[in-house]
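Printed below as a string of structure tokens:
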């Protein structure tokens, strides 16, 4: 299978994941969880992944004389991949911080907590996939990005209709 087909397959899996993550929480009972608490819980999984990636990069720098003084990572190295994961995870968390409060207001606390758990799991898939085979990162990326996009679109639809 070509890289493009692998990435496309990952995108498809991410799209299905997004629909399930946004749709399933609304199908069951909705316990009362104040939105502010739900958002705190929702942001923790992504924050933990950021903590792990930052810690991993710090460890790489400390134990590698070539990069201990803050030099750029060798392109394609494990540290370079971790830096890319850190950058993309920071971008995904920024989107979450900016959009999930609106999503929580429209779709409820359970949905935003599900988004948070999903983001944490998907970021780990992205990180591991990136190290094993760059096209495999597509599943983790899509399973992080698409739920935020889909939840935002559904929330806008609910607001405007």
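Numbering (my numbering), first residue to last: 936 to 1096. Positions of the beta carbon are idealized from the N, C-alpha and C atoms, including for glycine.
Reference residue i; option with closest CA among the options
i: residue 992; options: 939, 946 and 1016; result: 1016
i: residue 1084; options: 971, 1056, 969 and 1029; result: 1029
i: residue 977; options: 952, 1095, 1076 and 1052; result: 1052
i: residue 942; options: 996, 1073 and 953; result: 1073
i: residue 1075; options: 953, 936, 939 and 1003; result: 953
i: residue 1067; options: 1004, 1095, 1031 and 1013; result: 1013
i: residue 975; options: 1071, 1080 and 1039; result: 1039
i: residue 1025; options: 945, 1008, 1062 and 946; result: 1062
i: residue 1027; options: 1081, 959, 968 and 972; result: 1081
i: residue 1018; options: 1001, 990, 982 and 979; result: 990
i: residue 1090; options: 1041, 979 and 1060; result: 1041
i: residue 1057; options: 1037, 1079 and 1093; result: 1079
Span of the alpha helix (DSSP H), counted from its first residue to its last, around residue i
i: residue 945; result: 938 to 958
i: residue 997; result: 970 to 998
i: residue 1017; result: 1013 to 1042
i: residue 1088; result: 1072 to 1095
Outcome for residue i when other beta-carbon atoms lying within 10 angstroms are tallied against a minimum of 16
i: residue 1048; result: buried
i: residue 1055; result: buried
i: residue 965; result: exposed
i: residue 962; result: exposed
i: residue 890; result: Residue coverage of the chain in this structure runs from 936 to 1096, which leaves residue 890 outside it and unanswerable.
i: residue 1007; result: exposed
i: residue 945; result: buried
i: residue 980; result: buried
i: residue 1070; result: buried
i: residue 1022; result: exposed
i: residue 939; result: exposed
i: residue 1043; result: buried
The region 984 to 991 touching the region 1070 to 1088, judged by at least three CB pairs closer than 8 Å: Under the Cβ criterion (8 Å, minimum of three pairs), the region 984 to 991 does not count as touching the region 1070 to 1088.
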